[in-house]
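Numbering-wise (my numbering), the sequence shown opens with residue 266 and increments by one.
Using N, Cα and C, we set each Cβ at its ideal position, and we do this for glycine too.
Okay, so here's the structure we're looking at.
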Amino acid sequence: PRYISPSDAKQIIEQLPPFVQTVGLFVNVAAPQIDFICKLAKIDMAQIHFEADENFFKHLQTKHIKVIRAQSKEDIVNNQNDYCLVDAFVEEYGGMGKRINLEWFEGVDCSKMILAGGLNSQNIHELKTLPFYALDVSSSVELSKGKKDKKKMEIFINTVNEIYS
266 PRYISPSDAK
276 QIIEQLPPFV
286 QTVGLFVNVA
296 APQIDFICKL
306 AKIDMAQIHF
316 EADENFFKHL
326 QTKHIKVIRA
336 QSKEDIVNNQ
346 NDYCLVDAFV
356 EEYGGMGKRI
366 NLEWFEGVDC
376 SKMILAGGLN
386 SQNIHELKTL
396 PFYALDVSSS
406 VELSKGKKDK
416 KKMEIFINTV
426 NEIYS
């Protein structure tokens, strides 16, 4: 599901094995509320998936990663020195599977960036020359909306390992 309550998140997190890093995705939530939810649910990091100003980040106490909803190469160039997740801009937030223009990354240091949006085991070979820190995959490894498919996840991970080894 795209939304779960903090108490449901806490129940899921409590069942995870040790050393698993947990990330909560937040859209249009105030910094104190994010801090409260992360503490309550024992979420390690907040993914900030909305436009937030410097004042917001100054008040956010939870470890976080900012999402860049890129509309142009300039958006990527302006953020290449920051650890961030880069996704293609769409009007709605997240889960749309839209691919970003990979030409925008030419000449850009991608080593601090996590790439998201429209990635699947058939197209990730296009990323071989772009040294992203990580890849973020979701809808292409789902059996149905919000339900992951173990086989699709295995194929994706094996393909990534083949490409980057």
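Measuring alpha carbon to alpha carbon, tell me which of the options ends up nearest residue i.
| i | options | result |
| --- | --- | --- |
| A311 | N320, E319, F301 and D318 | F301 |
| I420 | I269, I389 and S409 | I389 |
| L384 | L367, C303 and E279 | L367 |
| T327 | A295, A399, T394 and A381 | A295 |
| K307 | K323, F291, N320 and E279 | E279 |
| V425 | N343, K393, E407 and K410 | K393 |
If we count the other Cβ atoms within 10 Å of its Cβ and call it buried at 16 or more, is residue i buried or exposed?
| i | result |
| --- | --- |
| V285 | exposed |
| I313 | buried |
| D352 | buried |
| R334 | buried |
| L305 | exposed |
Nearest-angstrom Cα distance between residue i and residue j?
| i | j | result |
| --- | --- | --- |
| G362 | S404 | 7 angstroms |
| L350 | K416 | 25 angstroms |
| E356 | K331 | 17 angstroms |
| N346 | D374 | 8 angstroms |
| D414 | S337 | 33 angstroms |
| M418 | G289 | 20 angstroms |
List the endpoints of the continuous beta strand (DSSP E) containing residue i.
| i | result |
| --- | --- |
| L408 | E407 to S409 |
What first and last residue would you give for the alpha helix (DSSP H) that runs through residue i?
| i | result |
| --- | --- |
| Y429 | K415 to Y429 |
Ordered list of beta strand (DSSP E) runs contained in the region 321-398, each at least 3 residues: Along the length of the region 321-398, whole beta strand (DSSP E) runs at least 3 residues long occupy 329-335, 349-353 and 378-381, reported in chain order.
Contained beta strand (DSSP E) runs [length at least 3] in the region 289-325, N- to C-terminal order: You should have 310-313.
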